[in-house]
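Novice:
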Amino acid sequence: PRARKLARLGASASTLRLAVTRWALANGRRMDYDALSVILAAKALESAPVCRWTEDDVWRLWWIDLSGWCKQRGLPTPDGLATTMTTLFAYLEDTDGFAPGSHPSADLRAAMRSAGARGTGPETAHAG
Numbered sequence: 854p855r856a857r858k859l860a861r862l863g864a865s866a867s868t869l870r871l872a873v874t875r876w877a878l879a880n881g882r883r884m885d886y887d888a889l890s891v892i893l894a895a896k897a898l899e900s901a902p903v904c905r906w907t908e909d910d911v912w913r914l915w916w917i918d919l920s921g922w923c924k925q926r927g928l929p930t931p932d933g934l935a936t937t938m939t940t941l942f943a944y945l946e947d948t949d950g951f952a953p954g955s956h957p958s959a960d961l962r963a964a965m966r967s968a969g970a971r972g973t974g975p976e977t978a979h980a981g
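In our numbering, the protein residues as written are 854 to 981.
1. Is the beta carbon of R926 less than 8 Å from the beta carbon of L859?
2. Rounded C-beta distance between V891 and L941? I'm assuming under 8 Å.
3. By the 10 Å Cβ neighbour count, where 16 or more other Cβ atoms means buried, how is P929 classified, buried or exposed?
4. Excluding sequence positions up to five away, which residues of its chain have a Cβ less than 7 Å from the Cβ of A895?
5. For chain B, check one thing: does any of its Cβ atoms lie closer than 8 Å to the Cβ of R857?
6. Please list, in chain order, all residues of the same chain as S958 whose beta carbon is under 6 Å from its beta carbon, the five residues on each side excluded.
7. Apart from the five residues on each side of it in sequence, which residues of its chain come closer than 6 Å, Cβ to Cβ, to Y944?
8. Taking A888 and T939 to be in contact with their CB atoms under 8 Å, please state how far apart those CB atoms are, rounded to whole angstroms.
9. Let's see if you can read the secondary structure: which residues bound the alpha helix (DSSP H) around R905?
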């Protein structure tokens, strides 16, 4: 819950967080609200739109930005980052929400796997 409070998201990231959460619940997709908050807060630090994702973004976030964001705030890195990021990509793909310049979601999931992320398959269950 602390990550939720510390993730001061702008309007677009906040709206996206709510939309992804609703979509995950409606579609039986796994995600963690704290993990999604950290992902969007770290992504929002870039100058690029929060819905624009490239393989380089995935690598940088996975290896640097996510843990760095948590460490700066004295938080443990949330469980479920990989599954939640996969759900985010599935939402963006399903709703045609990827911003111009984004890579295909299959390439983004492949980048996550090659970075060592686990839980990047199309898992289903409740959002939590």
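Backbone N, C-alpha and C fix where the C-beta goes; we use that ideal spot for every residue, glycine too. Since we're looking at a predicted model, the values are computed, not measured.
Specialist: Per the coordinate set shown:
1. Here the question's residue 926 lines up with position 73 in the sequence shown. Here the question's residue 859 lines up with position 6 in the sequence shown. Contact: yes.
2. Along the sequence shown, one-based indexing puts residue 891 at 38. Along the sequence shown, one-based indexing puts residue 941 at 88. Contact flag wrong, Cβ pair sits at about 12 Å.
3. Translated into the one-based positions of the sequence shown, residue 929 becomes position 76. Looking at its Cβ environment, which holds fewer than 16 other Cβ atoms inside 10 Å, P929 is exposed.
4. Residue mapping note: residue 895 aligns to position 42 of the sequence shown, counting from 1. Within the same chain, A895 has close Cβ partners L914, D918, L919 and W922.
5. Absent here is chain B; the protein component of the structure consists of one chain.
6. As a first step, residue 958 must be located in the sequence shown, where it is residue number 105. For S958, where only same-chain residues beyond five positions count, the Cβ hits under 6 Å are F942 and E946.
7. As a first step, residue 944 is located in the sequence shown; it is residue number 91 there, counting from the start. The answer, listed in chain order, is V873 and W876.
8. On the sequence shown, position 35 is the one that residue 888 refers to. On the sequence shown, position 86 is the one that residue 939 refers to. Their Cβ separation, rounded to whole angstroms, is 11 Å, which puts A888 and T939 out of contact at 8 Å.
9. What you label residue 905 is simply residue 52 of the sequence shown in a count that begins at 1. No alpha helix (DSSP H) holds R905; DSSP gives it neither H nor E.
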